[in-house]
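Listed in order, the protein sequences are those of chains A and B. This note's numbering puts the first residue of the first sequence at 1, with every later residue one more than the last. This note's numbering puts the first residue of the second sequence at 1001, with every later residue one more than the last. Worksheet for the structure shown next.
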Amino acid sequence: MAALPDTLTGYAHVYERAHINTDEIIPARYLNVHEEAELAKYAMEDIDPAFVKRVLPGDFVIAGDNFGCGSSREHAVWALRGAGVKVVIARSYARIFFRNAINNGFLAIECPEALEVVGTGDHLELDLVAGRLRNLTSGREAAFVPLSDFARELIEDGGLLPHIQKKAQAGS
Amino acid sequence: MGMTMTEKILAAHSGRDLVRPGEIVNAKIDLIVAHDVTTPPAVAMLRKLGINKVFDPSKILVTPDHFVPNKDIKSAELAKQLREWRIEQGIERYYEVGNHGICHAIAPEQGHVLPGMTVICGDSHTTTMGALGTFATGIGSTDLAAALATGELWFKVPDSMLFELNGRLPFGVYSKDIILYIISKIGVDGARYRAMEYRGNGLASISMEARFTITNMAIEAGGKSGIMPVDAISEEYVRARTKEPFTCYESDEDAVYTERMTIELDQLEPIVALPSLPSNGRFIGEVERVKMDQVYIGSCTNGRIEDLRIAAQIFKGNKVANGTRAIVVPATTEIWKTAMREGLLEIFADAGCVVSTATCGACLGGFMGVLGAEETCLSTTNRNFVGRMGHPSAKVYLASPATAAATAITGTITDPRPFLQ
Ligand code: SF4
């Protein structure tokens, strides 16, 4: 549907710890609803209750290894997106979180060195073409694994469901 | 170069002779299991797109489990949406409250899971069902919606890791201890994106119920699935429940595994995973006798009848310690009834335990035993992440039902073996 831009800019919220799990991103006590705007009020509550007060539309979340491990709740992606997060950049992802992200057309970038070059509040530029994360505040850079063709296609189609519809309409 | 059983199942379901790890395939799904938390959002997505019919109602099984009997008004709405949707879609395999059970326990128990199948559910512990030689994996609501509409789903063919189980478990040591041991060795992301395959002569002495506990926790090592070959034990389990035909897949001799690990079962001891990672497993001798405010016996990991029998054996004639609460949650209604007939419920009640109907309940901090600030709980569930069972400052320890029962009696973390003599 919409081609991805070549670059994105935003401000960083850094969570260095590995294994930030979906119970922290959106605690189960809020799973009795699934409206994005409602979930957004509680994003990251169990790791950083002040996150939703600070986050602004277009911000980036930077995290360590195995981000989004634990339950399969897609509510974790919705809560982050609802809170305004534009992209998550983690050292690595838990499988289901990554899958849920691209199925929603939400950018999840794997960048092994992100934590080394980014601090909270830094202004960042993500160059999706060159596969580089640039810290506009400090001038430091890190390379990341470019999106696979499959992931890019899903994200550009707006997620898995629009992707399937597109394919059905094309008769393939 | 041969294929693993996981690769064979994925190949057979995507019309291919051969698949290799890393490839993306579109696989046909044989069984979709739907519960009350992740299904309503999937249904809402389909409605929004104007997709009003599921691909095949006979391939779907619906059971409310997470927040039933309804925990509050909002979760009542979720359960209601699930109920109305299944009627509208003509889905017959439905387990209403009163016949219900935790999805990963009830689906195999009622004979819906067969070897060789592909099974998905919007729940990370779907890996449980792999113990029957099935490819079973957890997915999110969008995947669920896509599969409900088309009967297919994309998968990246996972690498496989091989775990060879040798020998026999010693007295007082259970399959929960095996999986906690493995996760303590490889870490919570040690099997990320991979299939965890088990084999070895040790399997012959591990019952079907005990095997489910092992595959249940594949996700706690980051695994995409857990899988075991079909043998006499699993075949008997399936045959006792259904007449449907099935296909058994075996890994080739020259199949490729990214890692191999051998576990000598007779070397194991009861294990407790300390807060707040499932990989914090320690042999009980190295664990401090921390006081527990609560003990929780249940969940899709350890809420089956064998688990309850072991716990009851320890509770019999004993009392839950002063200052500790013990909660027992059979995983399905059928298990609850069997426990009643065998007199286990009476033993629990006499010991001072609360016995609940089947529910996910406090396993995910829902209800029926949620923890307050700073509280401690030893639980037979699968996950002890920060905030998992309630307040983020609560501390959850994971262990087998035997260790849980012994701990309930003394009020501090306790080796179950003396209680079993
Ligand atoms: S019992 Fe716990 S782990 Fe199992 S499905 Fe329910 S919430 Fe998930």
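Beta carbons: idealized from backbone N, C-alpha and C, even for Gly. Everything numeric in this text was worked out from a predicted model, so none of it was measured.
Beta-ladder partner(s) of residue i, from DSSP
i	result
Q1294 (chain B)	B:R1325, B:C1377
V1355 (chain B)	B:V1328
R134 (chain A)	A:E125, A:E141
A1255 (chain B)	B:G1002
I1263 (chain B)	B:L1165
E1197 (chain B)	B:L1162, B:I1227
W78 (chain A)	For W78 (chain A), which the question treats as bridged, DSSP gives no partner whatsoever.
G1285 (chain B)	BP columns for G1285 (chain B) are empty, so no partner.
G1138 (chain B)	B:C1121
V61 (chain A)	A:H13, A:V88
Y1094 (chain B)	B:V1062
T1412 (chain B)	B:K1291
T7 (chain A)	A:D127
Residue i Cβ short of 6 Å to ligand 1 heavy atom set
i	result
L1398 (chain B)	no
I1102 (chain B)	yes
S1299 (chain B)	yes
C69 (chain A)	no
L1061 (chain B)	no
L1469 (chain B)	Within the shown structure, residues of chain B are numbered from 1001 to 1421, placing residue 1469 (chain B) beyond reach of any answer.
H1125 (chain B)	yes
L1364 (chain B)	yes
C1360 (chain B)	yes
Residue i at chain B interface by Cβ criterion, 7 Å
i	result
L56 (chain A)	no
R95 (chain A)	yes
V145 (chain A)	no
L39 (chain A)	no
G70 (chain A)	yes
P112 (chain A)	no
P49 (chain A)	no
N135 (chain A)	no
V52 (chain A)	no
V14 (chain A)	no
L8 (chain A)	no
E153 (chain A)	no
L160 (chain A)	yes
Distance between beta carbons of residue j and residue i, contact taken as under 8 Å
i	j	result
L1180 (chain B)	R1260 (chain B)	In fact, because the Cβ distance is near 20 Å, the residues do not count as touching under 8 Å.
A1351 (chain B)	V1320 (chain B)	6 Å
N124 (chain A)	F60 (chain A)	According to the sequence shown, residue 124 (chain A) is Leu rather than Asn. The Cβ separation is near 6 Å, so the contact holds.
L1364 (chain B)	H1066 (chain B)	7 Å
A1405 (chain B)	T1004 (chain B)	A1405 (chain B) to T1004 (chain B), Cβ: 37 Å. No contact.
V77 (chain A)	A12 (chain A)	So it is not a contact: roughly 19 Å between Cβ atoms.
A1394 (chain B)	G1372 (chain B)	7 Å
S1234 (chain B)	G1101 (chain B)	That pair is no contact at about 20 Å.
M1045 (chain B)	A1145 (chain B)	4 Å
V87 (chain A)	L56 (chain A)	V87 (chain A) to L56 (chain A), Cβ: 14 Å. No contact.
T1338 (chain B)	I1305 (chain B)	5 Å
G1222 (chain B)	R95 (chain A)	7 Å
A1402 (chain B)	L1420 (chain B)	7 Å
A50 (chain A)	G82 (chain A)	Actually they are not in contact, since the Cβ atoms of A50 (chain A) and G82 (chain A) sit about 17 Å apart, beyond 8 Å.
CB contact check: residue i to chain A, cutoff 7 Å
i	result
F1212 (chain B)	no
A1349 (chain B)	no
V1062 (chain B)	no
A1146 (chain B)	yes
P1275 (chain B)	no
P1392 (chain B)	yes
L1049 (chain B)	yes
R1341 (chain B)	no
G1387 (chain B)	yes
P1278 (chain B)	no
I1186 (chain B)	no
Residue i CB to nearest heavy atom of ligand 2 below 6 Å
i	result
V14 (chain A)	For the structure depicted, ligand 2 is absent and the ligand set comprises only ligand 1.
Discussion item. Whether or not the segment 1151-1160 of chain B and the segment 1017-1027 of chain B are in contact is what I'm after, with contact meaning three or more pairs of Cβ atoms, one per stretch, closer than 8 Å; do they touch?
Written reply: yes
Item to complete: Count the CB pairs spanning the segment 1275-1287 of chain B and the segment 1382-1392 of chain B that are closer than 8 Å, and state whether there are at least three.
Response: Taking one beta carbon from each stretch, the segment 1275-1287 of chain B and the segment 1382-1392 of chain B have 3 or more pairs nearer than 8 Å; the two touch.
Discussion item. Below 8 Å, how does it come out for the segment 137-152 of chain A and the segment 99-118 of chain A: are there three or more Cβ pairs, yes or no?
Written reply: yes
Discussion item. Under 8 Å: do the segment 1164-1179 of chain B and the segment 1136-1144 of chain B share three or more Cβ pairs, one atom per stretch?
Written reply: no
Worksheet item: Counting Cβ pairs, one atom from each stretch, are 3 or more of them under 8 Å apart for the segment 1323-1331 of chain B and the segment 1355-1370 of chain B?
Response: They touch, by the three-pair rule.
Fill in: the segment 1184-1196 of chain B touching the segment 1293-1312 of chain B, judged by at least three CB pairs closer than 8 Å
Counting C-beta pairs closer than 8 Å gives fewer than three between the segment 1184-1196 of chain B and the segment 1293-1312 of chain B, which falls short of the contact rule.
Item to complete: Please determine if the segment 1299-1319 of chain B and the segment 1207-1219 of chain B are in contact, where contact requires at least 3 C-beta pairs separated by less than 8 Å.
Response: Yes: the two stretches touch, three or more of their Cβ pairs being nearer than 8 Å.
Practice prompt. Examine the Cβ distances between the segment 70-87 of chain A and the segment 1119-1135 of chain B and report whether three or more of them are shorter than 8 Å.
Written response: yes
Worksheet entry | Stretch pair the segment 1113-1120 of chain B + the segment 1234-1248 of chain B: three plus CB contacts closer than 8 Å | Enough Cβ pairs lie closer than 8 Å, so yes.
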